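Number of protein chains: 2
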Amino acid sequence: MTDRRSRPVTISDVAALAGVSIATASKALNGRDRVRAETRQRVIEAAERLSFRPNALAKGLLSGQTRTVGLLTSDSVGRFGIPVLLGAEDAFGAGEMAVLLCDARGDAIREIHHLRTLLSRRVDGLIVVGESTNPRPSISRNVPVPVVYAYGPSGDPDDVSFVPDDVGGAMLAVRHLLAMGRRRIAHVTGPMDYKAATDRAEGARLALAEAGLAQAGETLYGAWSQRWGRHAAELLLTAEPEVDAVFCGSDQIAAGFVETARERGRRVPGDVAVVGYDNWEVLSVETRPALTSVDPNLERLGHTAAQHLFAAIDGRATPGVHAMPCRLVVRDSTAPSGGS
Amino acid sequence: MTDRRSRPVTISDVAALAGVSIATASKALNGRDRVRAETRQRVIEAAERLSFRPNALAKGLLSGQTRTVGLLTSDSVGRFGIPVLLGAEDAFGAGEMAVLLCDARGDAIREIHHLRTLLSRRVDGLIVVGESTNPRPSISRNVPVPVVYAYGPSGDPDDVSFVPDDVGGAMLAVRHLLAMGRRRIAHVTGPMDYKAATDRAEGARLALAEAGLAQAGETLYGAWSQRWGRHAAELLLTAEPEVDAVFCGSDQIAAGFVETARERGRRVPGDVAVVGYDNWEVLSVETRPALTSVDPNLERLGHTAAQHLFAAIDGRATPGVHAMPCRLVVRDSTAPSGGS
DNA sequence: TACGTTTCCGAAAACCTTTTATTTCTGTTT
DNA sequence: AAACAGAAATAAAAGGTTTTCGGAAACGTA
Chain C
5 MTDRRSRPVT
15 ISDVAALAGV
25 SIATASKALN
35 GRDRVRAETR
45 QRVIEAAERL
55 SFRPNALAKG
65 LLSGQTRTVG
75 LLTSDSVGRF
85 GIPVLLGAED
95 AFGAGEMAVL
105 LCDARGDAIR
115 EIHHLRTLLS
125 RRVDGLIVVG
135 ESTNPRPSIS
145 RNVPVPVVYA
155 YGPSGDPDDV
165 SFVPDDVGGA
175 MLAVRHLLAM
185 GRRRIAHVTG
195 PMDYKAATDR
205 AEGARLALAE
215 AGLAQAGETL
225 YGAWSQRWGR
235 HAAELLLTAE
245 PEVDAVFCGS
255 DQIAAGFVET
265 ARERGRRVPG
275 DVAVVGYDNW
285 EVLSVETRPA
295 LTSVDPNLER
305 LGHTAAQHLF
315 AAIDGRATPG
325 VHAMPCRLVV
335 RDSTAPSGGS
Chain G
5 MTDRRSRPVT
15 ISDVAALAGV
25 SIATASKALN
35 GRDRVRAETR
45 QRVIEAAERL
55 SFRPNALAKG
65 LLSGQTRTVG
75 LLTSDSVGRF
85 GIPVLLGAED
95 AFGAGEMAVL
105 LCDARGDAIR
115 EIHHLRTLLS
125 RRVDGLIVVG
135 ESTNPRPSIS
145 RNVPVPVVYA
155 YGPSGDPDDV
165 SFVPDDVGGA
175 MLAVRHLLAM
185 GRRRIAHVTG
195 PMDYKAATDR
205 AEGARLALAE
215 AGLAQAGETL
225 YGAWSQRWGR
235 HAAELLLTAE
245 PEVDAVFCGS
255 DQIAAGFVET
265 ARERGRRVPG
275 DVAVVGYDNW
285 EVLSVETRPA
295 LTSVDPNLER
305 LGHTAAQHLF
315 AAIDGRATPG
325 VHAMPCRLVV
335 RDSTAPSGGS
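Heads up: the protein sequence lines correspond to chains C and G, in order. According to the working numbering, the first sequence is numbered sequentially starting from 5. According to the working numbering, the second sequence is numbered sequentially starting from 5.
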């Protein structure tokens, strides 16, 4: 068992054991030239034997580069932040970077506090993960390192932001329904003050317009919940009984919609095809029928954001709001018209 | 806009602006005595004006304390790791600690790699978050800093581990069913190679034995999924038609069970009461009826683990496997016998 | 031997902060 | 006026690493 109290081994311990100076030891270990191969070998063996790990603090102090980035999330409890975070962590891990995690829990005070400690730790860059796709205030002005915004874009268009392309995702969904031969397509989604909701509604409108069709009824705005999906099904099936497809703004809404539609005797997908959004697998895979759903590729979004943070740290920033494409995952809840 | 290229401001800049020596500036900013009040004020204003942030690396190098802990997770994509992680982050944030996040994705090689970089960054301690409650190999022997295991305990009983008390949680569930007047209680749970499954089965057995009752049928081991819940419902309602309550090993199983039970004409909770496990709110709250469920208090578990890591860093370790109590959240899926 | 060239190694500075030991200043007492 | 005490300020060291620059050794040539 390693002695918990022992001073960590330093490069001078290694140098002493190898019988060389500190400078030589450093050069040997870092692959610098001007060191005889035999000497280098001796140093490497000494380091090995002492299981020497260079002190990253000392290195960072000297170089001014900590190889550390801060990940500032407003609300990582939200299930959208997590995949983004994982994608970023993945990209960083590959680049030998480490991630300092801070969760502000939606509190601006806490965010400022975390920002201060991240800066005092001299992070090389920051990723800010939003809790929704609504734009958020920029912090880049007060920060001496590059910042990339993921999921929730910065309000300042000169910053670097990556968001899911909700308009495009909705178009995928509706075009798919059209390809299945559906013509009377309705849209049920979340609260109107979510940009995700209005973007998806816009995408639905565009895709229908492309086909020269009108939407079946007005877009129904409500909550993101299963409960609202059930309620919306009652409203819609009464008001627009001849509807043959519904594009739902979330998998939860879709699950609720399917449940109530079936209780009211509509077969899914036979009578009504249903598409969800988010591809939240616990819901989309497990419900019956399994839900066709738009996958916003959040993990890839996080990964991309991290890579662009690298680039920005390197001086190659890519300003603007970048909309990342979604992908449609087709399952049982959609099928050609007339199918079961 | 802050100049991105400018050298960060150091304490000597502050000292120069205030017209004092570096030493005096340091004392003034850190509340040390032997500094005239007026001088201190001048220094503080200078620091303010330059928005000086002490370099945490230099501090850490000097003190040997980085006020940073590593959070090593095998599988943070799992929904159990997340709350633990959040609880820990919360506890650390309060203590002015920062969290370095590393996700090994279940890969031992990657775990070792992350461990090395965490150690070279001189973290003050480590939290290891498991992906299940099955014991995992200890890493404490090779690590010169305190380690606390959360959710998945270390295989070495001398280490410090915090796990949910699944036996106790299951007993809460079954006692509740008994209190509701149920007497023919069955148990459906996940795969037998999960300690979580066998622990919960054990708890169910104990609580029934307390009441002098036998379980209705053998424990049904399967998967943690909704699909298995549906399948198990068919098996159980055929084999033990007079069952009046089911304790399910997860909310997903419970949701599946409820669905199929109702299709087969059993009212829930009228004919059969159902209890889930995990209190995963998206499922337990949204399904109809809302599920009574055992909440393993994971966020609190993470929080506690973090606090004990503090203690261990402070030299006050608390070895052993600590089982953290669960809590029962009663909702509509359980009601006294004969209710609707 | 004197000198130039090449190869290898080591001393010292730099990074930034805190702390210890020392010096300087201020004011009081003899 | 001198001595002293106490308060306030500073110089210097320490922490671990990398890099620059100078020096030493080895070797070949004149």
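Just so you know, even glycine gets a beta-carbon here, dropped at the ideal spot from N, CA and C. These numbers were taken from a predicted model, which means no experiment stands behind them.
query	result
9 Å Cβ cutoff met for G/P77 and G/G85	The sequence given here has Thr at residue 77 of chain G, not Pro. Yes, Cβ-Cβ distance for G/T77 and G/G85 is below 9 Å.
Distance between beta carbons of G/S142 and G/S158, contact taken as under 8 Å	4 Å
Cβ of C/S10 within 9 Å of any chain G Cβ	yes
Those residues which DSSP pairs with G/H326 across a bridge	G/F166
CB contact flag (C/V171, C/E206, <9 Å)	yes
Beta bridge counterpart(s) of C/G129 as assigned by DSSP	C/V73
Start-to-end residues for the beta strand (DSSP E) that takes in G/G280	277-281
Burial state of C/M101 (16 or more Cβ within 10 Å)	buried
Among G/F251, G/V334, G/V151, the one whose alpha carbon lies nearest that of G/A321	G/V151
Residue of C/T202, C/A211, C/A177 minimising C-alpha distance to C/A277	C/A177
Three-state secondary structure (DSSP) of C/L332	strand
Rounded C-alpha distance that separates G/D354 from G/R209	Absent from the structure is residue 354 of chain G, since the part of chain G shown begins at 5 and ends at 344.
Start-end ranges of the beta strand (DSSP E) lying completely within the segment 106-151 of chain C, minimum 3 residues	129-133
Straight-line Cα distance separating C/C330 from G/G97	35 Å
Spatial distance of G/T6 from C/V149 (CA atoms)	Per-residue confidence for G/T6 stands at a pLDDT of 43, beneath the threshold of 50, marking its modelled position as unreliable; no derived number is given.
Continuous alpha helix (DSSP H) stretch holding G/S288: start and end	285-288
CB contact below 9 Å: C/E311 versus chain G	First, the residue type needs correcting, since residue 311 of chain C is Gln and not Glu in the sequence shown. No - not a single Cβ of chain G is within 9 Å of the one on C/Q311.
Which listed residue (G/E93, G/N138, G/G74) has its alpha carbon closest to that of G/L123	G/G74
Beta-carbon separation (whole angstroms), G/T296 vs G/V279, contact threshold 8 Å	5 Å
Span of the beta strand (DSSP E) around C/S158	First-last for C/S158: undefined, no H or E at that position.
Chain G within 9 Å of C/D170, Cβ atoms only	no
Three or more C-beta pairs below 8 Å linking the segment 288-307 of chain C and the segment 331-339 of chain C	yes
For G/F84, three-class secondary structure by DSSP	coil
Endpoints, alpha helix (DSSP H) assigned at C/A208	199-214
G/L217 (DSSP reduced to helix, strand or coil)	coil
C/F314 in three-state terms, based on DSSP	helix
Member of C/V133, C/P87, C/R120, C/G91 whose CA lies at the smallest distance from the CA of C/R109	C/V133
Beta bridge counterpart(s) of G/V192 as assigned by DSSP	G/L224, G/C252
Within chain G, the residues that C/A62 reaches when beta carbons sit closer than 7 Å	L65
Cβ-Cβ separation, C/E303 to C/L33 (assumed contact under 8 Å), whole Å	About 36 Å; that fails the 8 Å criterion.
Partner residues on chain C for G/D107, Cβ-Cβ distance less than 8 Å	L90, E93, D94, G97
Burial state of C/D37 (16 or more Cβ within 10 Å)	exposed
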